[in-house]
Amino acid sequence: MQRRDFLKISAAGGAAAALEGCGNPDHQLIRFIPEEDLLPGIATWKPSICTLCPAGCGTLVRVMQGEAEVVRNGQLGILKMGLAKKIEGNPAHPINQGKLCPRGHAALQVTYHPDRIKTPLQRTGNRGSGQFKEITWDEAIKQLVSQLSALQASKEQGRLALLASPLRGERRTVLNNFAAGFKSAPPIEFEFFDNRVLQSANLQSFGHASLPTIDLGQSNYVISFGADFLGTWNSPVAQSVGYGHMRKGRPGQRGKFVQVESRVSQSGASADEFIACPNGVEGMFALSLAHVVLRDKLRAGDAAGHAGSLIDGWSQGLPDHAPEKIEKQIGVSAATVARIAHEAAAAGPAVVLIGDAATAQTNGLFNALAVNALNALLGSVGKPGGLSFGAGWSEPPASAAAGKGAADSIQKLVAQLQSGSDAARVLLLFNANPVFGTPAAWGVHDALGKVPFIASFGSFIDETSALADLILPDHSPLESWLDDVPASGSARTVVSLAPPAMNPLHDTRSMPDVLLDVAHQLGGDPAKALPWKTYDEALKATFTTLYIEKGSQTAKDPDEFWKKAQEQGGWWSADEKTPAPAVGKFSGSPAKIPAPQFDGAPEEFPFHFLPFASQMFYDGSLAHLPWMQEAPDPLSSVMWGTWVEINTRTAEKLGVKMGDTVEVASAHGKLQAPALVTPAIAPDLIAMPIGQGHENFTRYASGRGANPISILAPMTVESTQSLAWAATRVKVSRVGEGKIVMFGASMDETPASTKHR
Amino acid sequence: MAHQWGMVIDLDRCTGCEACVVACHAENNISTVGEDQAARGRAKHWIRVERYYEGEFPDVKTKFMPVLCQQCDAAPCEPVCPTFASYHTIEGLNGQVYNRCIGTRYCANACPYNVRFFNFYNPVWDKPLNLQLNPDVSVREVGVMEKCTFCVQRIKASEIQASSEKRDVKDGEIQPACVQSCPTKAMVFGDLSDPQSEVSRLARSNRATKLLGELGTLPKVTYLQRDSWHAGEDS
Amino acid sequence: MPAKTPEQINEDLLRPLGGASARYLTALAFFAGIVIAAFCAFGWQVYAGIGVAGIRRPVFWGFYITNFVFWIGLSHAGTLISAILRLANATWRRPVTRCAEVITVFALSIGATFPVIHLGKPWLAFWLFPYPSERGLWPNIRSPLLWDFFAINTYLLGSVTFLLLPMIPDMALIRDRATGLRKKIYSVAALGWRGTPKQWHRLESAMQIMAIAVIPVAVSVHSIVSWDFAMAPVPMWHSTIFAPYFVAGAIFSGIAALIIAMALLRKFLHLEEYLLRVHFENLGKLLLVMSLLWFYFVFAERLTAWYGNEPSEMTVFWVTQTGSYSPLFWLMVFCNFVVPFPILAIKKLRTITGTVIASIGVVIGMWLERFLIIVPSLSHKYLPYSWGTYRPTWVELTITAGTFAAMAMLYMLFAKTVPIISIWELKAKEHPTSDHAPALAQTAEEGAD
Ligand SMILES: Nc1nc2c(c(=O)[nH]1)N[C@H]1C(S)=C(S)[C@@H](COP(=O)(O)OP(=O)(O)OC[C@H]3O[C@@H](n4cnc5c(=O)[nH]c(N)nc54)[C@H](O)[C@@H]3O)O[C@H]1N2
Ligand SMILES: Nc1nc2c(c(=O)[nH]1)N[C@H]1C(S)=C(S)[C@@H](COP(=O)(O)OP(=O)(O)OC[C@H]3O[C@@H](n4cnc5c(=O)[nH]c(N)nc54)[C@H](O)[C@@H]3O)O[C@H]1N2
Ligand code: SF4
Ligand code: SF4
Ligand code: SF4
Ligand code: SF4
Ligand code: SF4
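Chains as they are written, first to last, in the working numbering: chain D, 45 to 801; chain E, 207 to 441; chain R, 27 to 475.
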């Protein structure tokens, strides 16, 4: 059923409205005509796509007939409609193979969230005051069009800025075309964990500006430098499926997993061997392994090819990186390094991962290049049990990654707004929340506050959209046409596609459709750049070009292909292809691993500070989901809050006990949160999960905990503009007693029986 | 012979991701209780992932262990229940009849695994979160004990489907929500009365142990111990 | 002072039944206020949900079940002690029996409310009763809670009978002296008592039978209460010692409660010439024996647990011995042993004041014992991940206070309506008088033989 038809549906008989309801508003509800022919109690499963993180897992949505209280044409009534009841993994989908991470389940609550924006809103109070009034879609679109035409009239199209969380599939095309047609700058894509450092390294080493797909299932030896690949990094569900297979899926064969990091992450917790290593020396460690491989002739010196040639000293066998020479610096004994190198080289397919904090040091790019070279040396690139690139249908343009971070564009936007020259006059926001996701030191909040007109397409008020003057709420993902081309996670080419799993609950409109509408109302170039009537038409036009490719389905014509893809949840290539790595075209200077830089003098700020992705909230964008708030964190078991991880011995020295409120201060700000005293973190490290500390993000997340991003130093990763979010130093002090809510509330108590024996 | 449903959890695969925990919430209409009640020990997670540390940094070993109702064959929670709300089904499940429970909480004290959860208040779903509720599973009111059912609604649905097709339930056909979700396939569910089933085969592994097996509760969940690299045992 | 004449006895013991003083009414109103507050707290708990109490996972039983065990234990004051003394023909018991027996009835009634109060759905409490219903479903006889149901009801029935039987002649006495409405009421209570030899004979045999019957019932009650715990595989609960341990503890706290009640009656009803030092001394000796027995049980229980060194038991062991519950544990030992033992063992200290101090200690100590049996085991059950602590809320505290107030209130009302000392039994000559005090000790010893 088309959205427009759907909106035309009128209430079933005005007579119902006259029902006297005994004073109970429930009884005054009107019954609308049923919308879908679902059998009561019989579930159907509709394919969809998880949009909560960039992994792009394929899902099946369990839809059953239910009765929803909805507003239609300004009238509150009961509508019997298909309602999403549960989200499950799509077993046919090559990325997640029927599995889901905890966040994927909670996507259901995005649709049913009580604080979702239900109608277009216009700001009435001061900016950020949260005062809005409801307006109609006609009014809302008129306002946006008039703002944009004003820019056109004054020939200031360049002063339109588009700020989006990473776009998927055809949505990216619509936004890009809109910007291009309007002649504004291309959309700025912002997310905290943007992985651009690694993309950039991969582009240099292998010619692919994307994250690798890791064939863990066939690997015999996995070394991970800081990458929480079983938690949130890259394609965690795909990686977990592979990991399970590596561990126990091959009779008689069990791979070994070594994690190298300074705090036991969720992935580190599962490692067969955990190697503690300070932040920033991961690259040296990797090269030390490479040195042993070269020295002991476990692999030929030229095996690393282009990736190796990027590393200074490679052809000489990396003499500076002999384990004996650098064991002090990396804090790992030469014997251990040598043993790991020999084990990895002998084990058969071995693969080395790097991500998260290891790439968020000032020398993160070089760390990643070193690991890339090690992978190449071990022969893991483009091989079963190793890593591969470029299975995606279309990679993001190399230029998007090379030497450019999101930080670059956001900071440029902020700088322009602060200086006033060329500054944006109209800002369109698409779910990005940089006010929460950037250090306070960047001044994003104040800068965005200077934009004369902000329109947001998000479904929720968050710290950034609270600044909006106009809100044009999008459908929830389950109510939308979705498409995605996951760049990693499967060695097959995967193009996911899904029609809406259910009809919209509220008076929302699909963002791309609104943009098409706006473009058509503007006419001229914008209209030409977006020639489609509806988003699904655009989608179909692009998608059906695939139908001649050999893949998961055969179709006689594009229409049938389109129909089948909707039933299946997309299209994927028949075979796994592991394209040979292209040689990078990057012409940068060979990289000597530089020492990491940290913000803050060690005397004043004695601890390294490590913010990390939370299993439940990812980058904080999921903190509004009650299931995620109440799910205990895998390691801390904390619910509904945040915490500061402090090593047991350090806490003893600081006089800090479990649950005490501590203050964490960097040179750029401070925050307070309860202490979590744990043996699973280095004594000189303070760690905090990202996700809480929202000032303004629905009833479930607002005013809860603290946001570690806010106190980060504005350090960038060398040779890129990405935020070096693990390069801040802090000091910690006890403030007083505090409160920490844990599901395993007493894990801090050592069982008395063991203590006394 | 009636089916005897059982589960195997391979601790060598489990990564503590908690997908199972949220999947169970989604499937079984488990209400969230909010921060204040969670702080007072009233959060309900029919399956939880216990995490234990051993040793000091950097030689710290971490263990994850998902714990759900073990569906004990000699379930201590059953005889103590005065109203037969906690009872044994012929398929070996520990059944919980919400309508019969009057909230003595005796069963929860008797359960050595602490996997029984009590509704200290009536559950609340802020509208329209109520629309997420699974119509196949009843919601529990204040004063009622609840716990993992092995997703009995899924078991029943498959059994009815199979009997309407005049066949037996196939091995692997039934997947409780946690099992279905588990990204590492750490959990396997099936019929222990069928020696050929995957779950029976795994339960015979030499890594198999029962949680608190020494208490004689005869749990129908088998744990496979963490393995080490180059260790001989497979599967 | 010469021995009391029957008239004097009538006079002294019927005096309290007269009009109520302002002091009496104030005290009654005070206790009634607390009881009403407790009812309101319970009402709130029913309305808002059992969550307003402090119980939580994994400590699903807290103050309510502590109070349950405590009050049921306290109820062993009367009927059991009085029955034993009756059977042993301890003549000094005569002024003591009724005030003891009434403690049983009230403490038992109060205790029996807690299994209802603690329910998640108290409005369905009747599902615990075996009755033919449209549900066609009997309660589960394998559940110790069902055993509780039978045991408590039997004991309540028995002790009410045991209280009421010897009240009949006294009711007749009041009937004969009363006029108007009072006469009518007491006539009913007197059950047509005329004092014929046949009636006396029947009364004596009925009481003999009841005294014999009530002892095993009383022992069974607290054994069964102990099995509420001992039947569950919970560390430090699952113990064979629990039944005798509980029964001994019950008698221990019961005697203490009786001593306190007697001291209050003595003071407020001016019964100095009836409740004598010898009564306190004799009960004090009994209390001493029970204190030693209690200590022996605790020692035996702890020693075997420690020697067994079973990890989950040792967790609970240490958490009470040296861990977070240790202040309460050592306070309990202080109250139940350190305080009463010297006071009761040293003859000079075994005064009325001395025994009362010791008894107050024991009542507090025994309440703590119940708490320490229930809570630390639940809070540290097996898997450390789900250990938890317990703190009561105002609801539990108010209801707990309410039960003590209810006891006081009921006792006050009872003492206003029924002679708290059995008049006819006193008149049976052997009762001790103050100037015969030295000889009395002998009588008591005879009785104890
Ligand atoms: N969890 C749980 N599940 C249960 C039960 C339970 O106690 N707990 N009880 C079970 C029992 S006993 C029963 S009977 C079933 C009931 O299950 P259903 O038969 O599903 O009962 P209703 O929810 O009343 O749904 C009947 C539907 O008919 C619609 N309706 C009302 N009047 C008319 C009409 O005139 N014509 C048409 N075409 N439709 C109409 C109503 O809007 C409603 O949607 O549920 C069973 N399921
Ligand atoms: N408001 C409202 N009223 C309705 C309906 C409605 O939808 N809404 N639906 C109507 C319909 S379709 C029906 S079928 C009726 C159902 O009405 P009832 O038959 O009253 O259904 P319940 O209240 O679910 O269950 C009855 C009682 O059985 C007890 N019980 C549970 N297990 C057992 C057992 O094993 N043995 C025995 N003997 N008892 C047990 C339960 O605790 C409960 O007290 O209600 C009707 N009335
Ligand atoms: S990894 Fe989790 S959040 Fe990300 S797409 Fe997959 S299911 Fe969704
Ligand atoms: S979903 Fe699987 S891997 Fe994740 S915690 Fe549960 S059992 Fe472990
Ligand atoms: S695990 Fe606990 S709740 Fe489940 S059957 Fe066993 S005793 Fe009962
Ligand atoms: S809480 Fe419910 S299920 Fe548990 S013993 Fe009491 S009545 Fe039975
Ligand atoms: S079997 Fe079902 S009810 Fe039990 S833990 Fe798993 S999902 Fe929850």
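Glycine included, each C-beta is placed from N, C-alpha and C at the ideal position.
Starting from residue i, trace the alpha helix (DSSP H) in both directions and tell me its first and last residue.
i                         : result
aspartate 580 of chain D  : 579-587
lysine 607 of chain D     : 602-612
glutamine 565 of chain D  : 555-566
tryptophan 181 of chain D : 181-197
histidine 489 of chain D  : 488-493
proline 401 of chain E    : Note, proline 401 of chain E: premise wrong, no alpha helix (DSSP H); not H, not E.
Determine, for residue i, whether the minimum Cβ-Cβ distance to residues of chain E falls below 8 angstroms.
i                         : result
glycine 77 of chain R     : yes
methionine 435 of chain R : no
tyrosine 181 of chain R   : no
serine 54 of chain D      : At serine 54 of chain D the pLDDT is 36, less than 50, meaning the model places this residue with poor confidence; the figure from the coordinates comes in the next sentence. Chain E contact via Cβ: absent.
serine 159 of chain R     : no
Apart from the five residues just before and just after residue i, which ones in its own chain have a Cβ nearer than 8 angstroms to its Cβ?
i                         : result
glycine 493 of chain D    : Arg171, Gly172 and Leu511
glutamate 224 of chain E  : Val255
glutamine 297 of chain D  : Asn264
valine 260 of chain R     : Ser403, Leu404 and Lys407
asparagine 407 of chain D : Gly324, Gly327, Ile637, Pro638, Ala639, Pro640, Gln641, Val761 and Glu762
Cβ of residue i less than 8 angstroms from any chain D Cβ?
i                            : result
phenylalanine 324 of chain E : no
threonine 423 of chain E     : no
lysine 335 of chain E        : Here residue 335 of chain E turns out to be leucine, not lysine, going by the sequence shown. So yes, leucine 335 of chain E belongs to the interface.
aspartate 216 of chain E     : yes
valine 227 of chain E        : yes
Relative to ligand 4, is the shortest distance from any of its heavy atoms to the C-beta of residue i smaller than 7 angstroms?
i                         : result
glutamate 256 of chain E  : no
isoleucine 355 of chain D : no
threonine 390 of chain E  : yes
Excluding five sequence neighbours on each side, which residues of the same chain lie with their C-beta closer than 6 angstroms to the C-beta of residue i?
i                            : result
valine 468 of chain E        : Nothing about residue 468 of chain E can be reported from this structure: the residues present for chain E run from 207 to 441 only.
phenylalanine 255 of chain R : Trp263
isoleucine 241 of chain R    : Ala109
Apart from the five residues just before and just after residue i, which ones in its own chain have a Cβ nearer than 7 angstroms to its Cβ?
i                      : result
alanine 445 of chain D : Note that alanine 445 of chain D scores 44 on pLDDT, short of 50, meaning its location in the model is unreliable; the coordinates nonetheless yield the value given after this. These residues qualify, in order along the chain: Arg240, Gln243, Ser244, Leu247 and Ala253.
alanine 467 of chain R : Its pLDDT being 37, under 50, alanine 467 of chain R is placed unreliably in this model, and the coordinates cannot settle the point.
Would you say the beta carbon of residue i comes nearer than 7 angstroms to a heavy atom of ligand 6?
i                      : result
glycine 301 of chain E : no
alanine 384 of chain R : no
proline 288 of chain E : yes
Can you find a CB in chain R that lies within less than 8 angstroms of the CB of residue i?
i                      : result
alanine 383 of chain E : no
proline 272 of chain E : no
In the DSSP assignment, the beta strand (DSSP E) including residue i goes from what residue to what residue?
i                     : result
lysine 177 of chain D : 176-178
Between residue i and ligand 7, is the CB less than 7 angstroms from at least one heavy atom?
i                         : result
threonine 355 of chain E  : yes
isoleucine 215 of chain E : no
At a cut-off of 7 angstroms, is residue i close to ligand 3 when judged by its beta-carbon and the heavy atoms of the ligand?
i                     : result
valine 281 of chain D : yes
- Closer than 8 angstroms, Cβ to Cβ, to anything on chain D: give me those residues from the region 239-263 of chain E, in chain order. Val239, Gly240, Glu241, Ala244, Ala245, Gly247, Ala249, His251, Arg254, Val255, Glu256, Arg257, Tyr258, Tyr259, Gly261, Glu262 and Phe263
- Listed from N- to C-terminal order along the chain, which residues in the region 411-428 of chain D have their beta-carbon within a distance smaller than 9 angstroms of any beta-carbon of chain E? none
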